[in-house]
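A.B. asks: Got a structure for you, questions after.
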Amino acid sequence: MAKEILRSKVNDLLAMPAGQEVLAKGWVRTKRGNKEIAFIALNDGSTIKNIQIVVDKTPETEPVLARISTGACIGVTGTLVESIGSGQAVEIKASGIEIYGECDPVRYPLQKKDTSFEYLRTVAHLRPRTNTFGAIYRLRSQMAFAIHQYFHDKGFVYLNTPLITESDAEGAGQMFQVTTLDLNNVPKNKKNLPDYKQDFFGKMTSLTVSGQLEGELGATAVGEIYTFGPTFRAENSNTPRHLAEFWMIEPEMAFYDIKDNMDLAEDFIKSLVKYALDNCRDDIQFLNDRYDETLIARLEGVIDTEFVRLPYGEGIEILKAAIAAGHKFEYPVDWGTDLQSEHERYLVEEHFKRPVILTDYPKDIKAFYMKQNEDGKTVRAMDVLFPKIGEIIGGSEREADLQKLENRIDELHMKRDNLEWYLDTRRFGSCPHSGFGLGFERLLLFITGMQNIRDVIPFPRTPKNAEF
Ligand code: 4AD
Ligand code: MG
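Numbering (the working numbering), first residue to last: 5 to 472.
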C-alpha cells in the first residue's frame, strides 16, 4: 500500500528541503506555460507567497489542466524540487492533481487586471482571496495575538464586558438600540411612550459604545484589566476612519495617574508595531512594495521616536499660529473646540513630525468620567495622535471623587439612576485609576498603510451597509 502523504501548508513547503514527496492544497492564482509544460501558482492563505506547481503536458494531464483556471481549488501531489526559476527556492513537480472546485473563467471576476478596493468590498467571496486581503487578515490575527500577549506578560486580567448594556458610557448618544418589541405595534405606557417594561430586558437597552465603565469595576477590584471586543457606534460619519462596528482594546489600571497612563499607551503601541515588523515581515513588505513605499520606514520611525506630550491649550496656540502664517484648515480652531482630524494631522505630520499625546482637554468636549483639573476648565484627558490617522487612542485619568463625579453627571443632565452601580466604586474604597481605548482598526490602518478603515476589517459595517 502506498504511504499516505499528509498535506503541508505552503508556508511550510517553502522552507522544506527538496527531495520529498508532498501534498499541497489551495487555490490557483495563475496558470501559464508552453506546449510541453504548465506552471501553476498555488496559494493556500498560509503566506503571501505562492508555491509553483510544474506539470508536464501529457495526454493524461491535458484534460485536467484544461479544467484548471484562476480561482480553482486543487490538491497536488508531487516531489518538492529545487527551483531553477527565480523567486522561489523550491517548487512541486506534480505527479497527481485532484480538482476540488472548478472556477468558471468567464464568470469569475478576479482576473489578472487590478480590481479596486471599492469593487472588492461588494464581492464577499472574492475579497479574501486577493493577496492584499490575505495579508490584512493575517496581520489582523497576528496583532490580536500580540495584544493578548502584551497584557498577559504584564499580568493584566482579560475582562469580558457586556455587548448589550443599559448605559451610554461615553454619554454621546450614539447607541444602537436592542429590542424585541414589535416595531409595528409598540406597546405604550401611560405617557404614550414605548413601554420598555415589556421589552426583553424590562428596560431600554443598546449595544455598547465602550466597555470602560464595567472595566473600571474590574480594575478597582483586581488591579489591572483589559477588554478587547466589538464596539458599536451609530455615528453617521462616512469617513475613512469611522466604522459603526469596530474593535476596541481598553486597559484600565488601578493606581495609575495620567503620566503612568501615557507611558503605558506609548509602550503598548510601540511594542505592537515592533511585533508586526518582527513577526509579519512578508505581509508588511508586500504592502510596502505594492502600495506605499514609505510604510516600513514609518513603522520603524515610530518605534524609535519619543512621542511629544503637549497640553491641548498649547496645541491650539500652535494651530492658531499656523493659521496666522497662512495655513488653511476647513474647520475653525479656538480654545474649547474639538480638534478635527486635519488639526490633529497638522500637529503630528507637519509641526512635530512624530506622534503626539495631547492632554488636558476642555471638560466640555470630553466624557463625564474624566478627572477634573484644578483650573475648573480642563480634564486629565489624553489622546494619542498618529500620522495619517489622527486620533488612535483616547483615554484619561478617572475622577475618583464621588462628589465631583456626581456634580459633573448632574451638570451634563445625565440620568444618575442608570449609573449608581458605577458610582458605588467611588463610594466604597475609591482609588485613583486611569485607562484608555485603542481602536483596533485605527492601529491596523497604521500598520498596513491602508487608506480606508473599511479595508482593515473583514466585514465592515458603515451607514447603509450591512450586507454579508
Ligand atoms: O476616544 P473614544 O471614544 O474613547 C472611549 O471610548 C473611552 N471609553 C476609552 C477609554 O478610556 N477606555 O474611543 C477610543 C478609540 C479612539 O481613539 C479610536 O481609535 C477608536 O476608539 N474609535 C473608533 N474606531 C473606529 N470607528 C469609530 N467609529 C471609532 N470611534 C472610536
Ligand atoms: Mg476620543
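Idealized CB from N, CA, C, for every residue including glycine.
Does DSSP put N456 in a helix, in a strand, or in coil?
C.D. replies: Three-state DSSP puts N456 in coil, outside helix and strand.
A.B. asks: Note down, in chain order, each residue of its chain lying with its Cβ closer than 7 angstroms to the Cβ of T34, except the 5 sequence neighbours on either side.
C.D. replies: Cβ within range, chain order: A45 and T74.
A.B. asks: In this structure, does DSSP put Y335 in helix, strand or coil?
C.D. replies: It is coil, neither helix nor strand.
A.B. asks: Do the CB positions of L362 and G319 come within less than 8 angstroms of each other?
C.D. replies: Yes.
A.B. asks: With DSSP collapsed to three states, give me the class of L163.
C.D. replies: If DSSP states are grouped into helix, strand and coil, L163 belongs with coil.
A.B. asks: I want to check one thing, is the minimum distance from the CB of D387 to the heavy atoms of the ligand MG below 7 angstroms?
C.D. replies: The answer is yes for D387.
A.B. asks: Return the chain-ordered list of same chain residues with a C-beta closer than 6 angstroms to the C-beta of F155, the five sequence neighbours on each side being excluded.
C.D. replies: Once the five neighbours on either side are set aside, the close Cβ partners of F155 are Y230.
A.B. asks: Is I451 near the ligand 4AD, judged by its Cβ being under 7 angstroms from some heavy atom?
C.D. replies: No, the Cβ of I451 stays beyond 7 angstroms of every heavy atom of the ligand 4AD.
A.B. asks: Does the beta carbon of G82 fall short of 7 angstroms from some heavy atom of the ligand 4AD?
C.D. replies: Checking every heavy atom of the ligand 4AD against the Cβ of G82, none is found closer than 7 angstroms.
A.B. asks: According to the Cβ coordinates, are R430 and D414 closer than 8 angstroms?
C.D. replies: Contact: no.
A.B. asks: In angstroms with no decimal places, state the Cα-to-Cα distance between I369 and G340.
C.D. replies: Distance between the alpha carbons of I369 and G340: 7 angstroms.
A.B. asks: Return yes when the Cβ of V312 is within less than 8 angstroms of the Cβ of K324, no when it is not.
C.D. replies: Contact flag unset, no.
A.B. asks: Suppose only complete runs of 3+ residues qualify. What are the beta strand (DSSP E) ranges in the region 54-82, listed by chain order?
C.D. replies: Here the runs fully enclosed are 55-60.
A.B. asks: For Q216, does the count of other Cβ atoms within 10 angstroms reach 16, so buried, or fall short, so exposed?
C.D. replies: Classification of Q216: buried, given that the 10 Å Cβ count is 16 or more.
A.B. asks: Considering only the beta carbon of each residue, do C77 and G100 sit closer than 8 angstroms?
C.D. replies: For C77 and G100, no; Cβs fall outside 8 angstroms.
A.B. asks: If you pair each beta-carbon of the region 123-143 with each one of the region 49-62, do three or more pairs fall below 8 angstroms?
C.D. replies: Touching, yes, given that three or more Cβ pairs across the two stretches are closer than 8 angstroms.
A.B. asks: Which of the three DSSP states is assigned to L409 in this structure?
C.D. replies: Note: L409 maps to helix in three-state DSSP.
A.B. asks: What are the partner residues of V190, as DSSP defines its beta bridges?
C.D. replies: None, per the DSSP bridge assignment.
A.B. asks: Does the distance from the C-beta atom of M257 to that of S438 stay below 8 angstroms?
C.D. replies: Yes.
A.B. asks: Taking the C-alpha atoms as reference points, what is the distance between P109 and M208?
C.D. replies: P109 and M208: Cα-Cα distance of roughly 52 angstroms.
A.B. asks: Considering only the alpha carbon of each residue, which of D308, I96 and G89 lies closest to V80?
C.D. replies: Closest by alpha carbon: I96.
A.B. asks: Is the beta carbon of R133 within less than 7 angstroms of some heavy atom of the ligand 4AD?
C.D. replies: Flag unset: Cβ of R133 not near the ligand 4AD.
A.B. asks: Could I get the ranges of all uninterrupted beta strand (DSSP E) runs contained in the region 94-176, with 3 residues as the minimum, in chain order?
C.D. replies: Correct list: 94-105.
A.B. asks: Could you pull out every unbroken alpha helix (DSSP H) segment of at least 4 residues lying fully inside the region 171-253, listed in chain order?
C.D. replies: The region 171-253 contains these whole alpha helix (DSSP H) runs: 216-226.
A.B. asks: Determine the closest residue to I9 out of I55, P63 and G82, with distance taken between C-alpha atoms.
C.D. replies: The shortest C-alpha separation from I9 is found at G82.
A.B. asks: Does the count of Cβ pairs from the region 371-385 and the region 407-422 closer than 8 angstroms reach three?
C.D. replies: The region 371-385 vs the region 407-422: in contact.
A.B. asks: Checking 8 angstroms against the spacing of the C-beta atoms, do N283 and Q146 come in under that value?
C.D. replies: Cβ distance < 8 angstroms, so N283 and Q146 count as in contact.
A.B. asks: Any heavy atom of the ligand MG closer than 7 angstroms to the beta-carbon of G398?
C.D. replies: G398 Cβ: within cutoff of the ligand MG.
A.B. asks: Which residues does DSSP list as the beta-bridge partners of T363?
C.D. replies: For T363, which the question treats as bridged, DSSP gives the partners P315 and M386.
A.B. asks: Is the beta carbon of K192 less than 8 angstroms from the beta carbon of D199?
C.D. replies: Yes, these two residues count as a Cβ contact at 8 angstroms.
A.B. asks: Three Cβ pairs or more, each shorter than 8 angstroms: is that satisfied between the region 236-252 and the region 415-424?
C.D. replies: Short answer: they don't touch.
A.B. asks: Taking the Cβ atom as the reference point for each residue, do I288 and L276 lie within a distance shorter than 8 angstroms?
C.D. replies: Cβ distance not < 8 angstroms, so I288 and L276 don't count as in contact.
A.B. asks: Going straight from the alpha carbon of N1 to that of L18, what length do you get?
C.D. replies: Residue coverage of the chain in this structure runs from 5 to 472, which leaves residue 1 outside it and unanswerable.
A.B. asks: Regarding S87 and the ligand 4AD, is the C-beta to nearest heavy atom distance less than 7 angstroms?
C.D. replies: No, the Cβ of S87 stays beyond 7 angstroms of every heavy atom of the ligand 4AD.
A.B. asks: Which of helix, strand or coil does DSSP assign to A258?
C.D. replies: Here A258 sits in strand by DSSP.
A.B. asks: In the DSSP assignment, what residue or residues form a beta bridge with G443?
C.D. replies: Per DSSP, M252.
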